[in-house]
Every structure is written in structure tokens, then in C-alpha cells.
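Before any comments, here is the structure.
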Amino acid sequence: MDVVKKIGKRLQEQRKKKGYTQERFSEMIGVSPNYLSAVERGVNQLNYEALVHAMNLLDCSADDIFRDVVTRGLVVQSCELNEKLKELDPAERARILTVLDTLIATAKQK
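Sequential numbering of the sequence shown, starting at 981, is according to my numbering.
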């Protein structure tokens, strides 16, 4: 998936998390619903000003939007993994961490 599509997908996720429809959110950031749809599909891009405005309205960070396209985004992914693991009971968490250790060991062998 290319950078523009990844950013569009993350914007869509954040918009939905806030409970905004495309119509409502497009109004808030000053673009047409069709344009926002194209942004979320990775066909169009928001300019910097509109992107920052959108992120502020969504109350999300640059890491939330760029985590898949910026190397430093690994920090956000690690935090997400940590949050997901915290939701599990200790036995299930230990099982998943064992599987993760096995996957990492296998990846290092390549």
C-alpha cells in the first residue's frame, strides 16, 4: 500500500473513531464529501493546513496518522500492541508473547 493510501486509511479510522460521518467531517475541514472520500481512499491528498486542521479536530497525533509511513511510527505500533495485551488475562497474554517470541526468532533467521 502506498503512502497516500495509508494516510487516507488512518484519517478514515480516526474519523470513524470520533463518530463523524464523511459528510459531517468534510464540512468541518472545508472540503466536499467526495473529496474526503477520495482522500480516505488514497486518490487525493489534503494540503498541510487542512491535514493539521483535520488532525486537531480528530484530536489525534501525527503518529496516529503517519505511523505506517514514518520509521518512528514503530513507537505508536508498540504502544498499540501494549494496549491490546493489557486487555488480556495474564495466561492469554503469556501465550501470545510466546507466539510473538517464536515469530521474531523466525524472522531473525531469514
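C-beta atoms are modelled at their ideal positions from N, C-alpha and C, and glycine is treated no differently.
Query, Result
"Per-residue DSSP class, three states only, for Lys1090", "coil"
"Run of the alpha helix (DSSP H) containing Leu1061, from where it starts to where it stops", "1054 to 1066"
"Cβ-based burial, Glu1067 [other Cβ within 10 Å; buried from 16]", "exposed"
"Ser1006 in three-state terms, based on DSSP", "helix"
"Nearest-angstrom Cβ-Cβ length linking Cys1040 and Gln994, presumed shorter than 8 Å", "5 Å"
"Residue range of the unbroken alpha helix (DSSP H) whose run includes Asn1014", "1013 to 1020"
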